[in-house]
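K.L.:
Residue numbers (this note's numbering): 919 to 1217.
Heads up, the beta-carbon is just placed ideally off N, CA and C, and yes, glycines get one too.
Take this structure first; my questions come after.
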């Protein structure tokens, strides 16, 4: 396979195709020094883009990023809005889709990250994929949200706009706003959004899959349980998880990975997937794995 697994364009920059997702940092909530050290290790290994949100650990992830990252690291920090922390709720977050809530969420991220400007902000919609669905006054038209996001960009509070949990129609509607990335649930075993991935490739929009190994909720298929994935892992001397991540890199040139972990050894294993190559037979066997729906709702 000839697709480069080294770098790709993202938000006007060239970045490593393997970044870091900060959601798992909360597992180190009581060991803050370890969390900071883990993020410093990620930078040493070549991570130059980090995905975060104020609702990751009720601000803990953002606080660690603020402490760990230095200006000279030149790491692109990507955050998201559309939900807020809810420490006392049945779930650890609450939906926050209204324009005034999106603005407040941007301000919260600016404050906790200690910044005057957010390089990329993903608008987390709730239109597709596994997870919550908006109800009542949280059902907000995409155009109204984009109007707010572009206003924040014009004000200099954010640099670029991404979308998350969005439909193909929603992405098409949003293209005039200048979308730089899409974050949807996507993996070898859940490829519902293949048409959207093709559109992103054509439009030079980064495709940043979350749940890249599936199985995040009960009922979702898991990449690591697929016989073809296990066979490839055995043949290559790597783990099934590494095969699943490597397949994503090889599948399209605009895929960026943001695997999360709270373990340094796991971090190194994730970063190593860029070195994994598939021969034609292995690639064909992985491509032939059946795709199953990722539509599972919670809440």
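1) Where does residue 1009 sit, in a helix, a strand or coil, going by DSSP?
2) For residue 931 versus residue 987, is the C-beta distance shorter than 9 angstroms?
3) So, with DSSP's three-state summary, where would you put residue 1157?
4) Just to confirm, is the Cβ distance from residue 966 to residue 1004 under 9 angstroms?
5) Please return the same chain residues whose Cβ sits closer than 6 angstroms to the Cβ of residue 1158, not counting the five positions on each side in sequence.
6) Going by beta-carbon coordinates alone, are residue 1080 and residue 1024 separated by less than 9 angstroms?
7) Report back the beta-carbon spacing between residue 1188 and residue 1200 to the nearest angstrom; my notes put them in contact at under 8 angstroms.
8) Starting from residue 1179, trace the beta strand (DSSP E) both ways and give me its first and last residue.
9) Sorted by chain position, which residues of the same chain lie with C-beta nearer than 8 angstroms to residue 1021's C-beta, five sequence neighbours on each side aside?
10) Per DSSP, which residues does residue 1101 bridge with? Please list them.
11) In the stretch 1182 to 1213, which residue ranges form an unbroken alpha helix (DSSP H) of at least 4 residues, counting only runs that do not cross its ends?
12) Three Cβ pairs or more, each shorter than 8 angstroms: is that satisfied between the stretch 942 to 949 and the stretch 1190 to 1200?
13) CB of residue 1048 to nearest heavy atom of the ligand FMN: below 8 angstroms?
14) Between the stretch 1055 to 1066 and the stretch 1090 to 1097, can you find at least three pairs of beta-carbon atoms closer than 8 angstroms?
15) Spell out the partners DSSP gives residue 1124 in its beta bridges.
16) For residue 1002 and residue 1019, what's the separation of their Cα atoms in angstroms?
P.N.:
Here's the rundown:
1) coil
2) No, the Cβ-Cβ distance between residue 931 and residue 987 is not below 9 angstroms.
3) coil
4) no
5) 1142, 1147, 1148, 1151
6) no
7) Their Cβ separation, rounded to whole angstroms, is 20 angstroms, which puts residue 1188 and residue 1200 out of contact at 8 angstroms.
8) It is not in any beta strand (DSSP E) - residue 1179 carries neither H nor E in the DSSP assignment.
9) 1066, 1070
10) DSSP output for residue 1101 lists 1082 as bridge partner(s).
11) 1182 to 1189, 1198 to 1205
12) Cβ pair count under 8 angstroms is below three, so no.
13) Although the ligand FMN was asked about, the structure shown includes no ligands whatsoever.
14) yes
15) Looking at the DSSP output, residue 1124 sits in a beta bridge with 1099.
16) 9 angstroms
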